[in-house]
Each structure stands twice: as C-alpha cells, then as structure tokens.
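Letter by letter, the sequence shown follows residues 9 to 112 in the numbering used here. We put the CB at the ideal spot given by N, CA and C, even for glycine. Computed from a predicted model, the values in this text were never measured in an experiment.
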Amino acid sequence: LVGLPLIPVVQESCFCDPEAVRWEWQREVDGTIVSRERRYIPTEADIGSPLKVVARPPPIGDEAEAKLAGVDEDSSAALFKFEFEVDRGPWDVACSRARSAELQ
Numbered sequence: 009l010v011g012l013p014l015i016p017v018v019q020e021s022c023f024c025d026p027e028a029v030r031w032e033w034q035r036e037v038d039g040t041i042v043s044r045e046r047r048y049i050p051t052e053a054d055i056g057s058p059l060k061v062v063a064r065p066p067p068i069g070d071e072a073e074a075k076l077a078g079v080d081e082d083s084s085a086a087l088f089k090f091e092f093e094v095d096r097g098p099w100d101v102a103c104s105r106a107r108s109a110e111l112q
C-alpha cells in the first residue's frame with residue numbers, strides 16, 4: 009500500500025464535481041490529517057495505522073447559506089474507514105510511482 013495511490017470514487021448522482029468535494033485523509037492511530045487532496049499516496053509514516061477519508065460537500069459561497077444547508081455538519085459528510093493497516097506490500101513501488109504518474 010505504501011507508494012500506491014488511493015483514489016476515492018464519487019458517484020455521479022452526488023450532483024457535484026469530485027474535484028470540488030473537500031477531502032480529509034486521517035491516520036486512525038493518532039488522528040493526524042495527512043492530506044486534504046482527493047488522491048492520497050500512503051507513506052512510510054502511515055505503516056501500522058488504518059486510514060480514514062472524510063468527504064464533505066463543496067463549499068457554498070455565502071456563509072449564511074452554508075450554515076443553513078449544513079455542508080459543514082458531520083451528518084453531511086461521507087466517512088470511509090479502511091479496514092486494513094498500511095503496509096509496504098509485495099509490489100515494486102518504483103514501478104507503481106511511474107504508473108501513477110502516467111495515470112495523473
């Protein structure tokens with residue numbers, strides 16, 4: 009898993025651009041936020057810790073509207089926990105980094 013990109017999928021029915029969704033990747037062990045991007049590539053520092061990703065709706069321009077819509081409420085967020093701990097894996101990370109660069 010270290011060195012391999014994790015890319016969550018947003019269904020088209022969410023009525024928003026997946027790149028506009030606000031992402032937050034966290035290490036479960038210590039609660040450290042490791043990324044606020046859609047894609048995350050686990051590092052050596054993540055070994056032994058499960059990861060979780062929280063996806064929040066895109067922000068609304070007007071603060072009062074955002075509060076009424078509840079886009080920052082936990083109930084409007086999607087939470088996914090990976091049920092496995094990050095490990096090095098049996099793959100060639102150098103090869104996967106090159107492939108990841110091609111895909112991006």
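Where residue i falls, given that 16 or more other Cβ within 10 Å makes a residue buried
i	result
R46	buried
V61	buried
D38	exposed
D54	buried
Helix, strand or coil at residue i [DSSP, three-state]
i	result
E32	strand
E27	coil
E93	strand
Rounded straight-line distance, which links the Cα of residue j to that of residue i
i	j	result
E27	P50	20 Å
E59	Q34	Going by the sequence as given, residue 59 is Leu instead of Glu. Cα to Cα, the separation comes out at about 6 Å.
L14	W31	12 Å
R96	L9	6 Å
V94	D25	28 Å
Cβ separation of residue i and residue j, assumed to be a contact under 8 Å, to the nearest whole Å
i	j	result
P66	V17	So it is not a contact: roughly 16 Å between Cβ atoms.
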